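Chemist:
Protein chains: 2
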Amino acid sequence: MKQLEDSFFSIFIIGLGLIGGSLGLSLKGKWLRYGYDIDRDVVREALEVGAIDKSLSIEEGLKSDIVVISIPVQFIPYFIRENRDKFYKDSILMDTGSTKRVVVDEMRKVDSFFIGGHPIAGKEKGGIKNIDSHLFDGKIFVLTEENNLTEEKKRIVLKLVRDIGSFPVFISADDHDYILGLTSHLPYVVSLSLFYYLMKKEKDKDNIFKFAGSGLRDTTRISSGDPVMSYGMIKTNLDHVKRFISEYIDTLKEVIDVIEKGKFKELAEKVKERRDRIW
Amino acid sequence: MKQLEDSFFSIFIIGLGLIGGSLGLSLKGKWLRYGYDIDRDVVREALEVGAIDKSLSIEEGLKSDIVVISIPVQFIPYFIRENRDKFYKDSILMDTGSTKRVVVDEMRKVDSFFIGGHPIAGKEKGGIKNIDSHLFDGKIFVLTEENNLTEEKKRIVLKLVRDIGSFPVFISADDHDYILGLTSHLPYVVSLSLFYYLMKKEKDKDNIFKFAGSGLRDTTRISSGDPVMSYGMIKTNLDHVKRFISEYIDTLKEVIDVIEKGKFKELAEKVKERRDRIW
């Protein structure tokens, strides 16, 4: 569709939480930014802090060059299904969900251009109150290889990704869900389960958290993530997550065995060496 | 013993790594700070950065008001045993090890005043190069209830703890090892095993770490800790750690069950609520 002003593309952001709001803020002055949120207070705040230029109804917003759905991933397929007939043939449909299989499967049923997206960026404190124009700086923005973009449409998507300071990386939806299952969903369950276990132990000795240092704080940080969003990413990738948890349990047992056999130092050095090369 | 200068107590720090070196640095201008390290380069650097006033041999250093052993905990009992006859009757023997049972059991065989100590402070990067005069600011400094301090000797220990900016907390060695097993040693094994598991998966898909976000970075931060030190804390508390790992595995299975039963949001909210009250 036509742009409303010459050199500006228009974006319609559905869901103005941490990701949607930060996306809007990062594009300030570069794109025409329309927004929608089910919560009117969030829309008001997004306008006040300049995360969007204007709020639109879903019907109006869908006319934008690109429509980005930034709601918890478990709701994205329903949202697409419910609005299937309202999307525009010439628009690009994208999302920012933490899993990609369930999203892309639904997107291909819509008569629009589509591509799945996932910026690898976040904070444990969500919502419009925590948006950050630098949230995506230097981060990877995953784009699904399964898409129907023309070269021209692809250029618009890539411009969006670069305008927020991220690096586009194309990958299949299945590889995405496998890899993020390992690097994001599994760590979340591990972290949450650790804190939950300590909460149960707290019933025996009520002051255990008094002795908690920064190690425990960091190891359990992601368990303070938004429950609805976190649940969605696990629920929509549960087969992978279950398999990884089961293999992780085997690894815990293996590590205990390594300790008992007096071979732990070598293992710890190997882990430290690899980890220190990454961060 | 007599102080070498009027209003100054003297401390002899054995092991000038992150904890020993930072301890010295924090006491600059407040205590006479003597130091020893098995590595002559470390001693030289400690002197250069002002972590200690003077290096002494073990024989000379043991005449100080308080002797603090800051070496990896698995070596502390051996060190005490080996030097048992050299300690001074009037000195206070303390340590900074991550477990307390094995240390206190050995300390009570020495003909000195003794108390176990453990500052709940650290960084994943150890060694004299990473020492920090603010490392102990506002942190808890655990002191064992099992000690033979007179009121006068206790005052010296408490002055030391307060002079580095920490809060003294008295607890039994057994409670310490139980609680720190939960809040420190278990998280370390969980974190290290998670990263180790991902390293194994990396063999199937070699670019998984490219997609790693800050969640994984924080969850695995403590697995970059010094391998010798980390091994020591687990090895000297292995009965607790094994039991906690086993219970933690049950919790992981419980969490999967909660997800499958659709009750996960409530659990995640409970965890987030409790965690956010702590940090």
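Just so you know, the protein sequences line up as chains V and A, in that order.
Position 204 of the first sequence, counting from 1, maps to 204 under our numbering, and the rest follow consecutively.
Position 55 of the second sequence, counting from 1, maps to 1055 under our numbering, and the rest follow consecutively.
Beta carbons: idealized from backbone N, C-alpha and C, even for Gly.
Remember, predicted model here, so these are calculated numbers, not experimental data.
(1) Please work out which residues of its chain come closer than 7 Å, Cβ to Cβ, to Gln3(V), disregarding the five sequence neighbours upstream and downstream, and give them in chain order.
(2) Evaluate Gly117(V) with the Cβ neighbour count: other Cβ atoms within 10 Å of its Cβ, from every protein chain shown; 16 or more gives buried, anything less gives exposed.
(3) Looking only at C-alpha atoms, which of Ala1051(A), Phe1075(A) and Thr1099(A) sits nearest to Met1233(A)?
(4) Would you say Tyr88(V) reaches chain D, if we count a Cβ-Cβ gap shorter than 8 Å as a contact?
(5) Look at the alpha carbon of Lys1205(A) and the alpha carbon of Tyr78(V), and state the distance between them as a whole number of angstroms.
(6) For Tyr1034(A), report the span of its alpha helix (DSSP H) as first-last.
(7) State the beta-bridge partners of Met1094(A) as determined by DSSP.
(8) Does any residue of chain V bring its CB to less than 8 Å from the CB of Ser1098(A)?
(9) Closer than 8 Å, CB to CB, is Glu1247(A) near chain V or not?
(10) Closer than 9 Å between beta carbons: that is the criterion. Which residues of the stretch 165-191 of chain V meet it against chain A?
(11) Just the Cα atoms here: how many angstroms apart are Glu5(V) and Ser1214(A)?
(12) Any residues in the stretch 1212-1226 of chain A with a beta carbon nearer than 7 Å to a beta carbon of chain V? Which ones, in chain order?
(13) Please name the residue or residues paired with Gly1015(A) in a DSSP beta bridge.
(14) If you draw a straight line from the C-alpha of Glu1247(A) to the C-alpha of Phe114(V), how long is it?
(15) Please classify Asn1237(A) as buried or exposed, where buried requires at least 16 neighbouring CB atoms within 10 angstroms.
(16) Along the beta strand (DSSP E) that carries Thr183(V), what are the first and last residues, could you check?
(17) Is the Cβ of Arg274(V) closer than 8 Å to any Cβ of chain A?
(18) If I measure Cβ to Cβ from Asp163(V) and keep anything under 8 Å in the same chain, skipping five residues before and after, which residues do I get?
(19) Just to confirm the assignment: which complete beta strand (DSSP E) runs, minimum length 3, are found wholly within the stretch 1151-1207 of chain A?
(20) Beta-carbon within less than 8 Å of Ser191(V)'s beta-carbon, same chain only, minus the 5 sequence neighbours each way: which residues are those?
(21) Alpha carbon to alpha carbon, how far is Ile1140(A) from Gly24(V)?
(22) Tell whether a beta-carbon distance below 8 Å holds between Ser22(V) and Ser184(V).
(23) Identify whether Ile80(V) lies in helix, strand or coil by the three-state DSSP scheme.
(24) Report the three-state DSSP secondary structure of Phe9(V) (helix, strand or coil).
(25) List the DSSP bridge partners of Gly61(V).
(26) Report the three-state DSSP secondary structure of Thr1219(A) (helix, strand or coil).
(27) DSSP three-state call for Thr1236(A): helix, strand or coil?
(28) Return the bridge partner residues of Pro119(V) from the DSSP annotation.
(29) How long is the line joining the alpha carbons of Val142(V) and Val1104(A), rounded to whole angstroms?
(30) Just to confirm, are Leu1056(A) and Tyr1034(A) a CB contact at a threshold of 8 Å?
(31) Mind listing which residues of the stretch 192-207 of chain V have their C-beta closer than 8 Å to chain A's C-betas, in chain order?
(32) For the stretch 1255-1274 of chain A, list every residue whose C-beta sits within 8 Å of some C-beta in chain V, in sequence order.
Modeler: Taking the structure as given:
(1) Low per-residue confidence applies at Gln3(V): pLDDT is 47, beneath 50, and the placement is therefore not dependable, though the value from the model is reported in the following sentence. Contacts found: Phe9, Ser10 and Asp65.
(2) Answer is buried; the Cβ neighbour count reaches 16.
(3) Thr1099(A)
(4) In summary, chain D is missing from the structure at hand, where the protein chains are V and A.
(5) Separation of Lys1205(A) and Tyr78(V) (C-alpha to C-alpha, rounded to the nearest whole angstrom) is 32 Å.
(6) Element bounds for Tyr1034(A): not the alpha helix (DSSP H) but the beta strand (DSSP E), Leu1032 to Tyr1036.
(7) Val1068(A)
(8) no
(9) yes
(10) Of all residues in the stretch 165-191 of chain V, Val169, Ile171, Asp175, His176, Tyr178, Ile179, Leu180, Leu182, Thr183, Ser184, Leu186, Pro187, Tyr188, Val189, Val190 and Ser191 have a Cβ within less than 9 Å of some Cβ in chain A.
(11) Its pLDDT being 47, under 50, Glu5(V) is placed unreliably in this model, and the value from its coordinates should be taken loosely. Each residue's alpha carbon lies about 37 Å from the other.
(12) Interface annotation for the stretch 1212-1226 of chain A against chain V: Ala1212, Gly1213, Gly1215, Leu1216, Arg1217, Asp1218, Thr1219, Thr1220, Arg1221, Ile1222, Ser1223 and Ser1224, criterion Cβ-Cβ distance under 7 Å.
(13) Looking at the DSSP assignment, Gly1015(A) forms no beta bridge with any residue, so it has no partner.
(14) 45 Å
(15) Counting the other CB atoms within 10 Å of its CB gives Asn1237(A) a total of 16 or more, which places it among the buried residues.
(16) Here Thr183(V) belongs to no beta strand (DSSP E), and DSSP marks it neither H nor E.
(17) yes
(18) Ser26, Leu27, Lys30 and Trp31
(19) Within the stretch 1151-1207 of chain A, the complete beta strand (DSSP E) runs of at least 3 residues fall at 1167-1171.
(20) If you ignore the 5 residues before and after Ser191(V), its C-beta comes within less than 8 Å of the C-beta of Thr219, Thr220, Arg221, Ile222 and Ser223, all in its own chain and listed in chain order.
(21) 43 Å
(22) Not a contact, by the Cβ cut-off of 8 Å.
(23) helix
(24) coil
(25) Answer is none; Gly61(V) lacks a bridge partner.
(26) helix
(27) In this structure, Thr1236(A) counts as coil in the three-state DSSP scheme.
(28) Residue pairing for Pro119(V): DSSP places it in a beta bridge opposite Phe141(V).
(29) 54 Å
(30) It is a contact, given that the beta carbons lie within the stated cut-off.
(31) Leu192, Ser193, Leu194, Phe195, Tyr196, Tyr197, Leu198, Met199, Lys200, Lys201, Lys205 and Asn207
(32) Result list: Val1255, Ile1256, Ile1259, Glu1260, Phe1264, Lys1265, Leu1267, Ala1268, Glu1269, Lys1270, Val1271, Lys1272 and Arg1274.
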